[in-house]
Each structure stands twice: as structure tokens, then as C-alpha cells.
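Trainee: If you're matching them up, the sequences are chains W and H in order.
FYI, numbering that gives the first Met the number 0 numbers position 160 of the first sequence as 159, with every residue one higher than the one before it.
FYI, numbering that gives the first Met the number 0 numbers position 439 of the second sequence as 438, with every residue one higher than the one before it.
Sharing a structure below in C-alpha cells format, with a few things to ask.
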Amino acid sequence: MNPFGTLTPIVLLGVTPLVLMLVISFRRNHALTAVLALAGMAVTLAVLPAAVGPSGPPAAPLLVIDAYALFYMGLLTAATMVVVVLSYGYLDRAPGNREEFYLLLTLATFGCAVLTASNHFISFFLGLEILSVSLYGLVAYLRTTRTALESGVKYLILAAASAAFLLFGMALIYADLGTMDFTAMTSVLAGKAREPSLLLLGGFAMVVIGAGFKLAVVPFHMWAPDVYQGAPTPVTAYLTTVSKGAMVALLLRYGQYGGLLDYDSVVAVLALIAVASMFLGNLLALLQENIKRLLAYSSIAHLGYLLVAVIAASREGSHAVTFYLVAYFITSLGIFGIITALSDERKEADEVSDYRGLFWRRPWVSGALSLMLFSLAGIPLTAGFVGKFYVLAAGVLSDLWTLVILLVVSSVIGLYYYLRIIITLYLSPLEDPSAPLSATRRFSLPEGLVLAGLTVLLIWFGVYPAPLLGVIQAAIGSLA
Amino acid sequence: MSLAWILLLPLAGGLAAWIAGRWSDLWPRWISLGTALLHLLLLVVTWGVFFAGIETGQGAWLMVYKQPWIPQLGISFHLAVDGLSLLLLLLASFLTVLAVLTSWRSVTRSVGFFHFNLLLILTALSGVFIAFDLFLFFAFWEISLLPLYFLIGIWGYENRVYATTKFFIITQGSGLLMLLAILGLVVVHWQTTGVMTFDYLELLGTPMSESTAFWLMLGFFIAFAVKLPVVPLHTWLPDAHTQAPTAGSVALAGLVLKIGAYGMLRFVVPIFPQAAADFTLIAMILAVVGILYGALLALGQTDLKRMVAYTSISHMGFVLLGIFAWNELALQGAVIIMLSHGFSAAALFMMVGDLQHRTHTRDLGSFGGLWTMMPRMGGVGLFFAMASLGLPGLASFIGEFLVLMGAFQVNVPLTVLASVGLVAATVYSLLMMQKVYYGARTDDWKLDDTSGRETVIMASLIGATLGLGLYPQPVLTTSGNALAQMREFVDKARTPAARAAAAEARKEDAVASVTPDGGKRP
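Okay, structure coming up:
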């Protein structure tokens, strides 16, 4: 029998970077490393269904492997695989050693997996630090370029500061409740007065700051545009999806047990953060010319939408968060994937003007890109629409009319910049024929397959979301 | 027979046209023409069946198709056709045939994608007219924006990016308001009955408090008012119309405006009978303002296409007036105007398109005396100018006459003001004739008269307008059952007894909403 029991997926994710490290020390080979990283992820995905126990008992005091954790692990692992495929083509044309990139990437995903399953402040913090430390390296991986170094240092300092806040918050909450175990917190909280103590509130505030930094919601968003722009594009894709997704998974679980959403004052602060993120993100995105920066602001806004669903923490709220996140994953990976795959050694295809007239040269690519952007804007037939619909429904069900109306208003503002990119794709190409075209790189076969797959998923979940909803319902059901 | 072909046929045709566009510019045109004609033919056959059914006394529903879609949320794929839907489907299909024909020479760029968009509009609008699940309705409603966005943005005229972005943002924003209203309605229904459903027929008659009903109705009303358009919300229309390629203008005026009217008729009044009754005066004032304002602005335009766009606002005001007057005459009139305006606006936009294709201008000041060179085109212009000003014997006369008759029973002063709009219509129609076809030549253009293709298009529209004007009874019969059913339902909900019952239900509703569900954490 399997000695690791239900912990197998996490163990596999932990073993993958170890194997990579050993292999790299014996034989440096870019393709081999990438394939091994992919294989590690694939094996993890394969054992996930088998890891679902009958009742999902805590596998170790710190971790709980339930259907919820497994669902998120699957999502994050699959997203990492996409990032690996994208990174291969991207790094192949970069200078220096490439192999350690995959080491850091798989290590980060291991940290994320710990976050999705953590049931305790200790595992929360360990998972977060594994993730953050790997990300410092990933963001600054192309260390010969100035922007990468700048964003690496920026991320390092801010992430370290926010981790300190988080740690302090945990200490405060521990001082008040006397436990760091999420499940135990529920029973302690149940015996307490309705009004939270100052210690507990302070602790919540610090935790919100720490989590808010990872999610890049206003006012903890300052790092996002610079880091998004400066980091290698596959890393940006990773930052915006896997790293944020793991944090959301943890927040949902903690919110469910730790009483985060039971107090009006905390909910009010979260609502304020959500509104500020939606508006500031969408308004500042209007001014951007660099697509990666623009998507950074758009992602701030999207996390704001997501927070609305988190606040609507009834059962529908958790479903909505998870569905929205899946849609957001597909869409973001797709867009950053296309940006990555179109960039060549000469130039990153990250200016809006690089995409002018793309439709007339690359109809399929710009068709896929348009679909992704429509999905971000929440237009029907795409997964993004169902996600946004679900978030709105959760908000209305919980009677959060103000938040929901503000969400609608801000997403109408957001439409403008998505449309601006889309229409750029269909404008006639530049008049000056001698100017070198950017965004001309041909896709490799794996890139093409992955991007096509993402596009198909985008449409599938947009047109027929019922099966995915069923899976999510089963997963969320195990959270209670 | 399954209803799905109404949606699948144009979708498949559109995809085929797009693919065929890789090899040839001609195939997409023929494929689209064939698809649209087949669609029209099937609808005409359906109409025949339906018509025979009415005489043997069948109910309002012709065909129903229902499949669970997202069962977790009570969303189903519910399609149904009644007389009202059928008429609008026929209009959509007919105008798409003409839109394909009118683009035959004027669209030369990316022909396959163009026709895909054109047929996607037909698919989405067909979906809007037959969807009886609010989620499905909303999805089709939004999908119809995408092809129009591309039609205007890619094949439009000089200021197309501005126009298409404005169009998209305004209509999408108002659409999201409707989505909120839909969700609110579903939640209210869920709180009172415990059933989560988006089905139109189940949501009909949901009891709710007056203020809830008002706000939810307003959400629907604004979304439809933007499409219709009602005056303070109309600003996207002149820009979108002016910049759109001819086929896009035809689709906009002939079809997209109609989904606003259809929504008012199908959703706003029946779902919120009481709130709509209280709102009648405001809506009718808005309608009259639209009639007069549209006509006045049409008089002041120097751009021919913009002028036609403003006349649309004026005509659609009559539709709104008729819908909110809510009696048999007014409703029948509103349906007739929806059809007749579809014909005449399409004809006028195509005329402008043909003129612009020849002269490369839409400036009213640079036309003049064109009749000598193009008498056939001039005749067409004259015919539709007369149709637009409401000449008896032509379709819009029937519609406007019925609407005014119906509205007169509800509010006399507003009806009198609305009929002033007919005078203004006379002025702008004659002004257009005068400036374009009569008077002195201003240029030494050598212009060809209508080609065979253009003649066929115009002749079919003239035939439709004459037919509807001289013998409207088949159309009235077709929509009669559906309208009667809606009226019966609404009138029942507006009786004092029903008000009292609704008030009773609201008390229970209030009790239920204190503890909505056990799903929340304690």
C-alpha cells in the first residue's frame, strides 16, 4: 500500500523539485528538465482522484486533504503545466542557465499545494513562504535585464514586509483564541461573545494585509504593475493565476472556519477593499499602453470582483469564487500565453500597438485573443461570463445590492480598455510597410496545442458549465 | 419538428461562409444567401402551418423545446414560438437576405468573416425572439452585440472605432443592469416559492412588493430603452448608424431596435403588470418626447444617414407609446410599426448606402437633382418617404393609426402631441426628397440608376410595405393570440382583487425573507 496515504499528491509535488535538482546537477538539459517538471505535475494530477478519501480525514495535524484541497491542487497543478510549456519556448531564447527556472516553478507550486490544504497557521505560513521565496527567484530570473532585477527586488521587499504583517496577525489571533488550528478556532469562536475583541480584530486586519498583498488588491497593489511588466511573461502568468489562486483557496477555507467573515467590521473593510480594487484597477487600466501593465490593473479589478463573491460567503458565494477563479485562470493563462508565444528575441510583444492589424496576419491567434478578452470583459459564450454571472448571482442572493451595482458600473468602465485592444487587432496594419512587424513569432506545436486547449475550455465552460459546476459543488461540499 | 434549426441553420451557414471565405470571395455570399433564403422559407412554411392552426383554434404556442442546461441554477434551454415571435423571426430572416444582397458589391474585404457576422446576428436575434428562459434570453441578447461590434468596427466608415465602442459600452452597460434585474427577480421568486428558476413562464406572476417591482422593472426598462431607443438613452444610435456599413445599419434599424420593443412587450409589462401600470404615464411621456425630438433632430441633419437614424428614434417612439397604452388596438399597432419600420428603415438605409457607394458622400448639401439621372432610385426614395410619413395604404399608416387610436383611450393630450410627430414626419420626408432628388444639380456626377440586384431588393421591400399596408389582417391574426394571452394575464393581475392577493403574498414574502435559507452560516 501507499505509505503516504492521502498526502501522496503533496509528496509528489515536493519530490518533483528534488528530482529536478538532482538531475540538473548531473546533466544540464533544458528539454529534459522541462519534460521532467511536466511529468511530475502530470503524475500528481493522475493520483489526485485516487486521493479522495471516504471522509477526507486530516492527513497530518497541519493539513487536511479533502475534495476541496484536491480540486484546488488539480487546478493549480494544471495551470503550472501550462506555464511550463509556455516557459520552455520563452527561456529557449533567453541567455544563461534555464534549468533552475523549473526547479523554482515546481517548488512554488508545492508551496501553493500546501496552502490549499493547510488547516493551521503554521502550514499557512510555511506554504506562503515556500511560494514567495521561489517567486523572488522567478521574477528576477532574467537577471541581466534591469527591469527584471528591479521587479525582483521590489517583490522581495514588499513580500517580506507583508509576511511580517501576516505573522504578527497570526500571533495576535493566537493570543486571543489560544489556537492556531482552523477547525479548533470554530469551536473557540462559537463560545465567544458576538463582539470581537480588539486583539482578534487587529489580528484579522494584519492577516488581511498579508493576504491582500498576495492578491494585489487596493491598497496593497502597488507592486503589481511594475512586477507584471518586469517579470518574464510566463512568470507573470504564474503570479496572476497560481499564486493568487492558492491564496484565494486558503482564504475561503480560513473564512469558513476562522470567523473572518462573521464580523461586520471585517466584512465592511473587505467590501471597501473590493470596491477600491474594482474602480482603481479599471480606471488605471484605461491609461496603460503596455499590455502586461494593463493586465496587472485588470487583474486588480478582477480580484475585486472575486472579493465580492468572497463576502457573499453563503454556499453560493464559495461556488461563485471557485468558478470565477477557474474562468480567470483559463483566460489569464490564455492571454499571457499568447503574449509569450508571440514575443521573439528582438522584442516582447507587450505594447498595445504591437497588435495592430494582427487579425489580418494571424486570424486564429487574434480570434483566440479576442475570445480571451471578451471573457475578461464578461461577454456570453465565454467562461468569464458565467463566472461574472455567478458572482453577481451570489451577491444578489446575499442582498449585497450596493456592491453588486458598483461591480456592474466598474466592469462597464473596464469594457473600454478590453475593447480598445480588441479593435486594435482588427484595424488595418500600419501604413509604413518598412517598419518591422512585431508579434510575428510562429508558435511551437506544444504552445499551439496548449493555447488551443485553453480556448476550447473557455468556450466549453461558457456554453455548458453544468459539469464543471457539479465538480465544484462536490468540492465545496467537503469544506463545510 | 424541433425548434433548434432556427438557431443552428444560420450558425452553420455562417461558419461555412467564414471557412469558404478562405478560398473565394464569391462563395461566402452565395452560402449566406442560400442559408438566409432557406431560413426564410422554413419560417414561411412554419407560418403557414401556424396560420392553419389558428383557424382550427389552437393555443398561442406553436412549438416548444425545453432541455435542462445548468440545472444547478434552474437554467434551462427553453425555446418557444408564438405569433409575436414568429413575425419578428420572419422580419429578421427577410432583412438578412436583403443585407446579404446589399453587401454583394460594397463589401470586398474579409468577405467570409463579414458574412459570418451577418448570420451570427440572425442567429442571436432569432435566439432573442424565441428564448423563454431569462438566462438564455440574456445570453442571446449579449451575443447579438458581438457581430454588430465587428460589423461596425471593421467595415464601417471614417469614425467607426468611436461609434462601435460607444455602442458596445452603452448597450452592454444597460444589459448588465437587466442582468441584475433578472437576478433580483429570480431571487425574489426563490424566496417566495423556494424554487430557483430562470424560466419566463414560471417567473410570470411572481408576487413582490411595490418598490421591489419598481426597481426590477426599471432595470429591464432601461436595457430595452437603450435598444429601442428612448430619448435620453439614444446617443449611441446616430453614431452607430452613421458609421455602420449598410448591412450593419439594416441589421441595427431593422432588427436590433426591435429587440428593445420586443423586450418591453414580452418582459417589462407582463412580469411587472402593476409596476408597469404605475409607470405608464412616464413611459408615454418619454415616447412622445422621442417622437418629437427624433423628428426635430431629423430636420436639422446635414448627413443623410444620420437623418434616417433620427427618424428611427421618432418611429420607435410610437412603438413605446403603443406598448404602454396596453390595449388591443395599440398593441397590434405597435407590432405593425415594428414590421413596417423594419421595412422602411432598411430601405432608406440601403438607399443611402447605394448613393454613398456611387457618390462617396452622405452630405445632404452635395446632393440635388438626382432624379434626372436615377429615376428608379428616386421613385424608391419617394415611396419610402411616403411610407415614413404615414401615407394611407402603406404599412406604417396602419401601425401609427392603430397606436394613436389605442393611446387615445388612455391619454388624450399625449396622443395629440404624438400626432404632431406625423406632421413633422411629413416635413422631414419631403425635405429629404427635395434635397436629394429634386432641385438643381450641384455636381456633374455620372451616376447609374439602380442595378438589377438593387431593384430586386427595393422591389421586395416595396412589396412588403404595400402588402402590409393594404391587407394587414394575416399579420394581425398571427400576433393576435399571443397578444391576447399577454393582455389577459396582465389585466387579471391589475384587477383590485389581484392587488389584494399580491399584498397578502407580500406579507408572507416579508416573513420568508427574514430567514431566506438555511444555507448561511450561523
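We put the CB at the ideal spot given by N, CA and C, even for glycine.
Here the structure is a predicted model, which means the values were calculated and not measured.
Please list the terminal residues of the continuous beta strand (DSSP E) segment that includes H:K445.
Mentor: Locating residue 445 of chain H in the second sequence gives position 446, where the first residue counts as 1. No beta strand (DSSP E) holds H:K445; DSSP gives it neither H nor E.
Trainee: Assess contact between the segment 394-408 of chain W and the segment 449-459 of chain W, defined as three or more Cβ pairs (one per stretch) separated by less than 8 angstroms. Is contact present?
Mentor: Taking 8 angstroms as the limit for Cβ pairs, the verdict is that the segment 449-459 of chain W does not touch the segment 394-408 of chain W.
Trainee: When you compare only the Cα positions, how much space is there between H:F266 and W:F120?
Mentor: Taking the second sequence and counting its residues from 1, the one referred to as residue 266 of chain H is at position 267. Taking the first sequence and counting its residues from 1, the one referred to as residue 120 of chain W is at position 121. Each residue's Cα considered, the two are about 52 angstroms apart.
Trainee: Taking one C-beta from the segment 477-493 of chain H and one from the segment 35-54 of chain H each time, how about it: are there three or more such pairs within less than 8 angstroms?
Mentor: As far as the Cβ criterion goes, the segment 477-493 of chain H touches the segment 35-54 of chain H, which means the pair count is three or higher.
Trainee: In chain H, which residues lie with their C-beta within 7 angstroms of the C-beta of W:Q472?
Mentor: Residue mapping note: residue 472 of chain W aligns to position 473 of the first sequence, counting from 1. Under the 7 angstroms cutoff, chain H gives Q71.
Trainee: Does any residue of chain W have a CB that is nearer than 8 angstroms to the CB of H:G247?
Mentor: Working through the second sequence from its first residue, we reach residue 247 of chain H at position 248. Chain W, which has no Cβ nearer than 8 angstroms to the Cβ of H:G247, makes this no.
Trainee: What is the DSSP secondary structure of W:A139, reduced to helix, strand or coil?
Mentor: The count along the first sequence starts at 1 and reaches residue 139 of chain W at position 140. In the structure shown, W:A139 sits in coil (DSSP, three-state: anything other than H, G, I, E or B).
Trainee: For a cutoff of 8 angstroms on Cβ pairs, would you count W:Y67 as touching chain H?
Mentor: Translated into the one-based positions of the first sequence, residue 67 of chain W becomes position 68. Closer than 8 angstroms: no.
Trainee: Thinking just about the alpha-carbon of each residue, which of W:P362, W:G88, W:A248 and W:G229 is nearest to the one in W:D349?
Mentor: Sequence index remark: in the first sequence, residue 349 of chain W carries index 350 (1-based). When each option's Cα is compared against that of W:D349, the closest is W:G229.
Trainee: Closer than 8 angstroms, Cβ to Cβ, to anything on chain W: give me those residues from the segment 154-174 of chain H, in chain order.
Mentor: Hits within the stretch, in order: V160, T163, T164, F167, I168, Q171 and G172.
Trainee: Is the segment 97-114 of chain H close to the segment 24-32 of chain H, with three or more CB pairs under 8 angstroms?
Mentor: A contact exists between the segment 97-114 of chain H and the segment 24-32 of chain H.
Trainee: Could you tell me which uninterrupted alpha helix (DSSP H) segments, each at least 4 residues in length, are contained entirely in the segment 238-297 of chain W, listed from first to last along the chain?
Mentor: Counting only runs of 4 or more, we get 243-257 and 263-284.
Trainee: Hey, which unbroken runs of the alpha helix (DSSP H) at 4 residues or more fall wholly within the segment 87-166 of chain H?
Mentor: Qualifying alpha helix (DSSP H) stretches, in chain order: 110-129, 133-142 and 144-154.
Trainee: So what does DSSP say about W:S494, is it helix, strand or coil?
Mentor: Summary: the structure shown does not reach residue 494 of chain W, with chain W confined to residues 0 through 479, and so no result is reported for it.
Trainee: If you scan the segment 374-436 of chain W from start to end, which runs of the alpha helix (DSSP H) of 4 or more residues do you find wholly inside it?
Mentor: Within the segment 374-436 of chain W, the complete alpha helix (DSSP H) runs of at least 4 residues are 382-396 and 400-425.
Trainee: So, does the CB of W:V403 fall closer than 8 angstroms to a CB anywhere in chain H?
Mentor: As a working note, residue 403 of chain W is residue 404 in the first sequence. Output row for W:V403: interface = yes.
Trainee: Please decide whether W:Y425 counts as near chain H, where near means a Cβ-Cβ distance under 8 angstroms.
Mentor: Residue 425 of chain W sits at position 426 when you count from the first residue of the first sequence. With 8 angstroms as the cut-off, W:Y425 counts as an interface residue toward chain H.
Trainee: Could you pull the DSSP bridge partners for H:P67 from this structure?
Mentor: As a first step, residue 67 of chain H is located in the second sequence; it is residue number 68 there, counting from the start. BP columns for H:P67 point to H:S75.
Trainee: Within the continuous alpha helix (DSSP H) that includes H:H240, where are the two ends?
Mentor: Counting from one through the second sequence, the residue named residue 240 of chain H turns up at place 241. Looking at the DSSP string, the run of the alpha helix (DSSP H) that includes H:H240 is W235 to Q242.
Trainee: What residues of chain W sit near H:I151, judged by a beta carbon separation below 8 angstroms?
Mentor: In the second sequence, residue 151 of chain H corresponds to position 152, counting from 1. Going along chain W, no residue has its Cβ under 8 angstroms from H:I151, so there is no contact; the nearest lies around 10 angstroms.
Trainee: Do you know offhand how far H:M527's Cα is from H:T494's?
Mentor: The structure shown does not extend to residue 527 of chain H, since chain H is modelled only from 0 through 521, so no value can be given for it.
Trainee: Nearest CA to the CA of H:A243: which residue from H:L469, H:Y148 and H:L388?
Mentor: Here residue 243 of chain H refers to the residue found at position 244 of the second sequence. Nearest option by C-alpha distance: H:Y148.
Trainee: Could you check where the alpha helix (DSSP H) with W:T7 kicks off and where it finishes?
Mentor: Residue mapping note: residue 7 of chain W aligns to position 8 of the first sequence, counting from 1. Counting along the chain, the alpha helix (DSSP H) containing W:T7 begins and ends at T7 to F25.
Trainee: Is there a C-beta anywhere in chain W that falls below 8 angstroms from the one on H:G47?
Mentor: Reading the second sequence from its first residue, position 48 is the one you call residue 47 of chain H. Not an interface residue.
Trainee: Going along the chain, which residues of its own chain have a beta-carbon closer than 6 angstroms to the beta-carbon of H:M372, five neighbours each way excluded?
Mentor: Counting from one through the second sequence, the residue named residue 372 of chain H turns up at place 373. So the list reads L446, once near-sequence residues are dropped.
Trainee: State whether the segment 285-294 of chain H contacts the segment 346-358 of chain H, with contact taken as three or more CB pairs (one from each stretch) at a distance under 8 angstroms.
Mentor: Touching, no, given that fewer than three Cβ pairs across the two stretches are closer than 8 angstroms.
Trainee: Identify whether H:L369 lies in helix, strand or coil by the three-state DSSP scheme.
Mentor: Position 370 of the second sequence holds residue 369 of chain H. Helix.
Trainee: In this structure, how does DSSP classify H:W60 when only helix, strand and coil are distinguished?
Mentor: Here residue 60 of chain H corresponds to residue number 61 of the second sequence, with the count starting at 1. Note: H:W60 maps to strand in three-state DSSP.
Trainee: Can you grab the Cα-Cα spacing for the pair W:G177 / W:G254, in whole Å?
Mentor: Numbered from 1 along the first sequence, position 178 holds the residue referred to as residue 177 of chain W. Numbered from 1 along the first sequence, position 255 holds the residue referred to as residue 254 of chain W. Cα to Cα, W:G177 sits roughly 18 angstroms from W:G254.
Trainee: Interface residues of chain W around H:E141 at Cβ under 7 angstroms?
Mentor: The residue you call residue 141 of chain H lines up with position 142 of the second sequence. Here the neighbours are I378 and P379.
Trainee: Which residues in chain W have a C-beta closer than 8 angstroms to the C-beta of H:G218? List them in chain order.
Mentor: For the purposes of this step, residue 218 of chain H is taken as the residue at position 219 of the second sequence. Per Cβ cutoff of 8 angstroms: no residues; H:G218 is ~10 angstroms from chain W at best.
Trainee: So, helix, strand or coil for W:H301, using DSSP?
Mentor: Residue numbering aside, residue 301 of chain W sits at position 302 when the first sequence is read from its first letter. Helix.
Trainee: Let me check understanding here. Comparing Cα to Cα, which of W:L282, W:F388, W:E344 and W:L357 lies closest to W:L324?
Mentor: The sequence position of residue 324 of chain W within the first sequence is 325, counting from 1. Per the Cα distances, W:F388.
Trainee: Apart from the five residues on each side of it in sequence, which residues of its chain come closer than 6 angstroms, Cβ to Cβ, to H:M62?
Mentor: Translated into positions along the second sequence, residue 62 of chain H becomes position 63. These residues qualify, in order along the chain: L2 and V80.
Trainee: With DSSP as the reference, label H:R182 as helix, strand or coil.
Mentor: Here residue 182 of chain H is taken as the residue at index 183 of the second sequence, counted from 1. A quick correction: the sequence has Leu, not Arg, at residue 182 of chain H. Note: H:L182 maps to helix in three-state DSSP.
Trainee: H:E201 lies in the alpha helix (DSSP H); which residues open and close that run?
Mentor: As a working mapping, residue 201 of chain H is identified with position 202 in the second sequence. Here the alpha helix (DSSP H) through H:E201 covers Y199 to L202.
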